[in-house]
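So the mapping is simple: the working numbering equals the position in the sequence shown, first residue as 1, plus 475. No residue lacks a Cβ here, since even glycine has one placed at the ideal position from N, Cα and C. Here the structure comes first, spelled out in structure tokens, and everything after it is commentary.
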Amino acid sequence: MPYHEPTIIERRELGALCHLTLLAPELARSARPGHYALARCAPPESADPLLRRAVFLAGADSAAGTVELLIAPDERGLAWLAAQPVGARIDIFGPLGAPFTLDGRTRNLLLAGAGAALPALIFLARAAASSGVAGVLLAAADGPDRLPPPFLLPPDLEYQSSADGPASLIGLLGAPAPGGPIFASPIAWADQICLALTDDMVAPAADAVRAGRMRWGRGFAQAALAGPMPCGVGTCQSCLIDTRDGLRTRCKDGPVFDLRDLRG
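Dropping the structure here:
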């Protein structure tokens, strides 16, 4: 796995979130939306906590040689990482995993997410905007201070959010009631959908896509799945998820999967 010791060159507290900018030229050149990194979240003299934390990349600028993280410090490992000051060097492996894949024909991109994988959609929104793709981002979180601030997003991106918890994302997707008009859902507008989900959101999200789209084929809807990925290579088998093709590892086969392949 590619190893890096980037320096934190900017740190901002954004409500309950922490935004870090890292100087990491090699990582910035190879990072793609949907990739994650494994960060060591302890000082050099300590092995507590032992396991690395998976953090989705929120952006990368190959020209500037920088990578961005947007962290919710909800547990002690991520809290330690978020507390590191400007000038500190951190210990990470990355980029890791399978990223999002955009169809070259996509002109209207729907992004929707909640949870720890949501930063991946910020990265993807920027990449799509630079290619002239029109985008809408739907985001849900437990409170307004846990939502990505608009200034991190492309200026032409339409941004709708809910502070009523991750489950409210399904309402934002606008899945129509049974028998309702299909065009009640933004899903009908999209050429492609990219999601950031937790495991318990897979089934409701798939139901929303089915309700909003009469037919959808492989590649139309992809989902980055948040969750523990301690080893990054599939060896520990602690991140197995159920798919139509059997059990797969979140860390190596994912974290981005075709939504059709996931069993919620």
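Contact check, residue i vs residue j, beta carbons under 8 Å
i: E543; j: G552; result: no
i: V611; j: L577; result: no
i: A614; j: P624; result: no
i: R725; j: D736; result: no
i: P594; j: R507; result: no
i: I597; j: P481; result: no
Residue from the options whose Cα sits closest to the Cα of residue i
i: K727; options: G721, D733, M704, L734; result: M704
i: C493; options: A591, R688, R685; result: A591
i: I463; options: T581, P500, D717; result: In the structure as shown, the chain begins at 476 and stops at 739. Residue 463 is therefore absent and cannot be evaluated.
i: A663; options: Q712, F575, A683; result: A683
i: L489; options: P630, L734, F626; result: F626
i: L806; options: G588, T710, H479; result: A question about residue 806 goes unanswered here, because the residues of the chain that appear run from 476 up to 739.
i: A701; options: T541, T496, A529, R515; result: A529
i: W555; options: V608, L545, A517; result: A517
i: A512; options: A698, F732, R601, V708; result: V708
i: I546; options: T496, G540, F568; result: T496
Outcome for residue i when other beta-carbon atoms lying within 10 angstroms are tallied against a minimum of 16
i: L722; result: exposed
i: A558; result: exposed
i: M676; result: buried
i: Q635; result: exposed
i: P519; result: exposed
i: R693; result: exposed
i: G753; result: Residue 753 is absent from the model: the chain starts at 476 and stops at 739.
i: L525; result: exposed
i: Q712; result: exposed
i: R678; result: According to the sequence shown, residue 678 is Ala rather than Arg. By the 10 Å Cβ count, A678 comes out exposed.
Bridge partner(s) assigned by DSSP for residue i
i: R723; result: I716
Extent of the continuous alpha helix (DSSP H) to which residue i belongs
i: A642; result: Premise fails: A642 is in no alpha helix (DSSP H) and is neither H nor E.
i: D682; result: 677 to 687
i: I597; result: 594 to 605
Limits of the beta strand (DSSP E) - the one that residue i falls within
i: E485; result: 482 to 489
Residue i Cβ short of 7 Å to the ligand ADP heavy atom set
i: L632; result: You won't find the ligand ADP in this model; it holds no ligand whatsoever.
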